[in-house]
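Data first, discussion second: the structure below is written as structure tokens.
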Amino acid sequence: MAQTKDKKENLMEKIVSLCKRRGFIFPGSEIYGGLSGTWDYGPVGALFKKNIKDLWWRDTVQLRDDVVGVDAAIMMNPKAWEASGHTEAFSDPLVECKICHERFRADKEMEIKNHEKTHNKTIEWTKSKKFNLLVKAYLGVLEGEESQIYLRGEITNGVSVNFKNIINSTRVKIPFGVAQIGKAFRNEITPGNFTFRSREFEQMEVQFYIKPEEKEGKKWFDYWKKNRMDWYLSLGIKKENLRFRDHALNERAHYARMATDIEYKSPWGWQEFMGIHHRGDWDLKRHQQFSGEDMSFSDPQTGEKYLLWDIETSAGVDRSILFLLIDAYREEGGRVYLKLHPALSPYKAAVFPLLANKPELVKLARKIYDDLRPQFMTAWDDRGNIGKRYYSQDELGTPFCVTVDFDSLEDKKVTVRDRDTMKQERISILKLAEYLKNKLNEDENKILKL
Ligand code: ATP
Numbered sequence: 003m004a005q006t007k008d009k010k011e012n013l014m015e016k017i018v019s020l021c022k023r024r025g026f027i028f029p030g031s032e033i034y035g036g037l038s039g040t041w042d043y044g045p046v047g048a049l050f051k052k053n054i055k056d057l058w059w060r061d062t063v064q065l066r067d068d069v070v071g072v073d074a075a076i077m078m079n080p081k082a083w084e085a086s087g088h089t090e091a092f093s094d095p096l097v098e099c100k101i102c103h104e105r106f107r108a109d110k111e112m113e114i115k116n117h118e119k120t121h122n123k124t125i126e127w128t129k130s131k132k133f134n135l136l137v138k139a140y141l142g143v144l145e146g147e148e149s150q151i152y153l154r155g156e157i158t159n160g161v162s163v164n165f166k167n168i169i170n171s172t173r174v175k176i177p178f179g180v181a182q183i184g185k186a187f188r189n190e191i192t193p194g195n196f197t198f199r200s201r202e203f204e205q206m207e208v209q210f211y212i213k214p215e216e217k218e219g220k221k222w223f224d225y226w227k228k229n230r231m232d233w234y235l236s237l238g239i240k241k242e243n244l245r246f247r248d249h250a251l252n253e254r255a256h257y258a259r260m261a262t263d264i265e266y267k268s269p270w271g272w273q274e275f276m277g278i279h280h281r282g283d284w285d286l287k288r289h290q291q292f293s294g295e296d297m298s299f300s301d302p303q304t305g306e307k308y309l310l311w312d313i314e315t316s317a318g319v320d321r322s323i324l325f326l327l328i329d330a331y332r333e334e335g336g337r338v339y340l341k342l343h344p345a346l347s348p349y350k351a352a353v354f355p356l357l358a359n360k361p362e363l364v365k366l367a368r369k370i371y372d373d374l375r376p377q378f379m380t381a382w383d384d385r386g387n388i389g390k391r392y393y394s395q396d397e398l399g400t401p402f403c404v405t406v407d408f409d410s411l412e413d414k415k416v417t418v419r420d421r422d423t424m425k426q427e428r429i430s431i432l433k434l435a436e437y438l439k440n441k442l443n444e445d446e447n448k449i450l451k452l
């Protein structure tokens, strides 16, 4: 048992170290000692993040007739947060250790237990009190009540306040969805587990508006649960590492009539990956009440006017990245590699001249690299020896490595090495781009069902 625990902790350490070493994720503001709960994506992480967001957008907006996208402002009129209930109810229960005054979330039993162990004696805790998670900011030239705003605690509000603008400027018919990707900020009591709980993070959400009927609510709630689970499976996450967990009545957010999480079996136990929430007409009703604007929808068939219900799917970009990395991490036969779906891999191929000090090899390799680059993200590496280059591309999850050697100058072929099988094939330079694209598409077709 203890051994498995060590192994799991070890796995997280290895992932954190790989992320830093290879340029996926760095601690935020590191040279100033960091800023708790913030992370910066490095050159490779930025590519990975863009890939996941592009794939999500493709799946939820581009390939659907019934979803449109928006990109709303992070800073909003503070009244919007009163209306949505966040100023009052967006809180976690906070307790403080009376010995060292460190603060914890009262509902995180494991963290509390672990802290108790550090003192080696029974701890007295303060009474649990509500701690609001909204991050305050000040806008304008005067600091004070007047200029205080909030950085958005979730991205939903930007959709809700634009509901009228969206239905007036598009031809949406019910049911329809509004998708958005963007940053959210939370004053988390205990950020931790790498990027899992951060104070600044990104969300990908669809608010799906339906007729306000119980049967419709249940139907679309179930539809989105399956739709999201299928999407994560399509990205290659192992089935046994995903599960649904319904929220009990007392843990549901203030707006939720029904709530289910998709959870991931992380090295520190089953954890929330994303949420599916039946928000009913909570947001539109409250914004109607607070703004005085009519938020109802006119049914073109019946002429009836009503407030629509909202089935929300809300996923963290950063949690997706973290869980995809954990799931893809492999140590086999003395090598480490990321078995990432090629659509997610930061680079699709890497090109190497066998020897960096042979201009004829470098020239040909450079030409191949320049040909591939406009077609997909391609890496160049001429440092060290070929073994080291494979080693580093494996850790980046690059599906194919292309080596130009002395034979290439004669037979106009290159060696292509597959990340997962390590098999090597000689491929004609003229057919290389087509070969790689077919291979990449083969994988995408298999999993993404394009
Ligand atoms: P938790 O219980 O883990 O604090 P939550 O239930 O408050 O999460 P939601 O408000 O439902 O989370 O947010 C939707 C999604 O946004 C989460 O499933 C997660 O993927 C992501 N998310 C929420 N809070 C954070 C955070 N602090 N850091 C990173 N991602 C987050």
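According to the numbering used here, the sequence shown is numbered sequentially starting from 3.
Don't be surprised by glycine CBs; every beta carbon is placed ideally from N, CA and C.
Please read these numbers as outputs of a predicted model, since none were measured by experiment.
Restricting to Cα atoms, I'd like to know which of 189, 278, 241 and 188 is closest to residue 209. 278
Whole-angstrom C-beta distance between residue 13 and residue 331, which should lie under 8 angstroms: The beta-carbon distance between residue 331 and residue 13, rounded to whole angstroms, is 7 angstroms. This is short enough to meet the 8 angstroms contact definition.
Three-state secondary structure assigned by DSSP to residue 126: coil
By the three-class DSSP mapping on this structure, what secondary structure does residue 269 have? Under the three-state reduction of DSSP, residue 269 is assigned to coil, being neither helix nor strand.
Using 10 angstroms around the beta-carbon of residue 116, count the other beta-carbons present and answer buried if the total reaches 16, otherwise exposed. Residue 116 counts as exposed, since fewer than 16 other C-beta atoms from the protein chains shown sit within 10 angstroms of its C-beta.
Bounding residues of the alpha helix (DSSP H) (the contiguous stretch that carries residue 393): 388-398
Taking 8 angstroms as the cut-off, decide whether the C-beta atoms of residue 136 and residue 189 are in contact. For residue 136 and residue 189, yes; Cβs fall inside 8 angstroms.
Using 10 angstroms around the beta-carbon of residue 434, count the other beta-carbons present and answer buried if the total reaches 16, otherwise exposed. Its Cβ being crowded by 16 or more others within 10 Å, residue 434 is buried.
Does the distance from the CB of residue 161 to the CB of residue 180 come in under 8 angstroms? yes
Excluding the 5 residues preceding and the 5 following residue 424 in the sequence, name in chain order all residues of the same chain whose CB lies nearer than 7 angstroms to its CB. none
Backbone secondary structure at residue 297 - three-state DSSP: coil
Compare the Cα-Cα distances from residue 28 to each of 44, 138, 17 and 421 and report the closest residue. 44
Can you tell me whether residue 427 is buried or exposed, with buried defined as 16 or more other CB within 10 angstroms of its CB? Answer is exposed; the Cβ neighbour count stays below 16.
Which term fits residue 403, buried or exposed, when burial requires 16 or more other beta carbons within 10 angstroms of its beta carbon? buried
Going by the beta-carbon positions, is the gap between residue 456 and residue 334 smaller than 8 angstroms? Only positions 3 to 452 of the chain appear in this structure, which leaves residue 456 out of reach.
Expected contact under 8 angstroms - CB spacing of residue 283 and residue 214 to nearest Å: Correct: roughly 6 angstroms between the Cβ atoms.
Going by the DSSP bridge assignment, what does residue 194 pair with across the sheet? 199
Cα-Cα separation between residue 88 and residue 285, rounded to whole angstroms: 11 angstroms
Alpha carbon to alpha carbon, how far is residue 297 from residue 165? Give it in angstroms, no decimals. 7 angstroms
Would you decide whether residue 54 is buried or exposed? Buried here means 16 or more other CB atoms lie within 10 Å of its CB. Buried, because 16 or more other Cβ atoms sit within 10 Å of the Cβ of residue 54.
Please determine if the region 262-281 and the region 87-101 are in contact, where contact requires at least 3 C-beta pairs separated by less than 8 angstroms. no
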